[in-house]
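**Student:** Can you keep this structure in mind? I'll have questions shortly.
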Amino acid sequence: MKNFAKFLLFVLLISAGISLLYDYRLKHGELRLSSKRAAENYTLASEPSVDSKQIASLEALNRERRALVKSILPSVVAVKTSKKIGTRREYGLDPFEFFFGSRQRRFRNPRDEALVQNSLGSGVIVTNEGHIITNNHVVDQVDEIEVQLSDGQTKKARVVGADEQVDLAVLKIDNPGVKPLKLADSDTVQPGDFVLAIGNPFGFEETVTEGIISSKGRPNRSDFFGELLDVLAGSPAAQAGVQPGDVIRKFDGREVKNFTALRTLVAQTQLNKQVELEILRDGKPVKVKAQIKEQPIDNQTLGAVPRQNQPQPQTPRQPNDQETVDSPLASIHVDELTSEKARQLDLPPNARGVLVTNVDPDSGVAELQKGDVIEEINQQPVTSVSDYNKVAGSLDASQPQILSVCRHRARSFLVLRPR
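All residue numbers for the sequence shown refer to the numbering used here, where the first residue is 510 and numbers rise by one.
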């Protein structure tokens, strides 16, 4: 009976407070009730500005686009992930228990609450067995993955393959009734081609945007060993039989981790020395003998394996087998910083640079972390992977390098010393 009386008293006090506040604001002009206005007279246009016959081709194009989107939507899915990032212990007073509960239950017992980070992305079904292609950063190191199909169904998914460097992952759901999308031949795509981008990044409804293919041939990996995108005719590399598209895995017995390491290895090799290149060509291993030579003076463009310009002629030091020949920058794996990745990492809007995706273990570059953004190297701006490779390849590997780094909305400078 006492608890019921307390409840009535609580309700009456709240009601009285609300009534007094409403009356005060109404009398002092702070609360204005909306008044009805008279309906306005208006006349809509009866005919379009352009005759539909004059734009018949545009209307036909719209119908084709709608048909295309309609046929693709069943294959587009929303990818929802969750990841436990920590726990939080809660203390405090339970208001309901304080007014109406027993004396022993008026205060909460401490309890741990899981802190969960949720993420959203898009994917596309590519097989009848339920394989889905999505972005690796969406599903990387998460605890749970759910896929929402176009009909609203949700299915548990698991990662069956991933490549961090190209930011792609393959998921698998157990649903034999899915509709896969057929993959086309990317070699037939040409600059200027019309393209539609369809996704479901927010988990509510599919989005459609359009554009054109602006260019082809851009490298889609930051760590692509020694992949040669171009080989100059008449250069030492071309004379040795090196071809565009070759991937140099080893240079004179030393592993090539990335293009920066390849440039460093070449720069530290004596002129006229013959070296053996272990190449991957069309998926098959090939060995090529090459001689290190200077580029012709009239060739202003660097070749596939360019040498660094030295201030004066000198013989580079030859490292022994226990030493590492590449600079600290060669141990850093970077990728393009897209607007989506910047949003995922909660970076400031003006963040520009390359994203650190990995740092080789035992490299001595412990100051850098995955997720850092390198904005400058020795006061030279770095806005793309191409800039990073160009700047890193032009530096003296025996000298310390100063990096301007953005981490968690804070900028700092790191000094990387040669190993």
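All C-beta atoms in this analysis are idealised placements derived from N, C-alpha and C, irrespective of residue type, glycine included.
Determine the burial state of Phe-713: buried for a count of at least 16 other Cβ atoms within 10 Å of its Cβ, exposed for fewer.
**Tutor:** Label assigned to Phe-713: exposed.
**Student:** Using only the alpha-carbon positions, how far apart do Ser-893 and Gly-880 sit?
**Tutor:** Cα to Cα, Ser-893 sits roughly 15 angstroms from Gly-880.
**Student:** Using only alpha-carbon positions, find the residue among Thr-636, Thr-716, Gly-720, Val-704 that is nearest to Lys-688.
**Tutor:** Answer by Cα proximity: Thr-636.
**Student:** With DSSP as the reference, identify every bridge partner of Gln-783, one or two as the case may be.
**Tutor:** Paired residues: Gln-800.
**Student:** Following the continuous alpha helix (DSSP H) through His-917, name the residue where it begins and the one where it ends.
**Tutor:** Counting along the chain, His-917 falls outside any alpha helix (DSSP H), and DSSP gives it neither H nor E.
**Student:** Between Thr-697 and Glu-715, what straight-line distance do the alpha-carbon atoms span, to the nearest angstrom?
**Tutor:** Those two C-alpha atoms are separated by around 27 angstroms.
**Student:** Which ranges would you report for the beta strand (DSSP E) in the region 689-731 if only whole runs of at least 3 residues count?
**Tutor:** The region 689-731 contains these whole beta strand (DSSP E) runs: 703-708, 716-721.
**Student:** By Cβ distance, which residues of its chain are closer than 7 angstroms to Lys-681, with the 5 residues on each side in sequence left out?
**Tutor:** Hits under 7 angstroms: Gly-639, His-640, Ala-666, Arg-667, Val-669.
**Student:** Note down the Cα distance separating Asp-683 from Lys-664, rounded to an integer number of angstroms.
**Tutor:** Roughly 8 angstroms between the two C-alpha positions.
**Student:** Ala-576: which of Asp-844, Val-717, Leu-789, Gln-908 sits nearest, CA to CA?
**Tutor:** For Ala-576, the nearest C-alpha among the options comes from Val-717.
**Student:** If I measure Cβ to Cβ from Phe-955 and keep anything under 8 angstroms in the same chain, skipping five residues before and after, which residues do I get?
**Tutor:** Because the chain is modelled from 510 through 928, residue 955 falls outside the range shown and cannot be assessed.
**Student:** Quick check on the DSSP output: the alpha helix (DSSP H) that includes Arg-667 runs from which residue to which?
**Tutor:** Here Arg-667 belongs to no alpha helix (DSSP H); instead the beta strand (DSSP E) covers 663-672.
**Student:** Compute the beta-carbon to beta-carbon distance between Gly-630 and Val-647, rounded to the nearest angstrom, for a pair I have assumed lies under 8 angstroms.
**Tutor:** The Cβ separation is near 3 angstroms, so the contact holds.
**Student:** CA-CA distance, Ser-903 and Ser-580?
**Tutor:** In a straight line, the C-alpha of Ser-903 is about 50 angstroms away from that of Ser-580.
**Student:** Where Glu-655 and Thr-590 are concerned, what is the direct C-alpha to C-alpha distance, given to the nearest angstrom?
**Tutor:** Roughly 6 angstroms between the two C-alpha positions.
**Student:** Out of curiosity, what's the CA-to-CA distance linking Pro-857 and Gly-701?
**Tutor:** Rounded to whole angstroms, Pro-857 to Gly-701 spans 33 angstroms at the Cα level.
**Student:** Using a Cβ-Cβ distance cut-off of 8 angstroms, determine whether Lys-782 contacts chain D.
**Tutor:** In the structure shown, chain D does not exist; there is a single protein chain.
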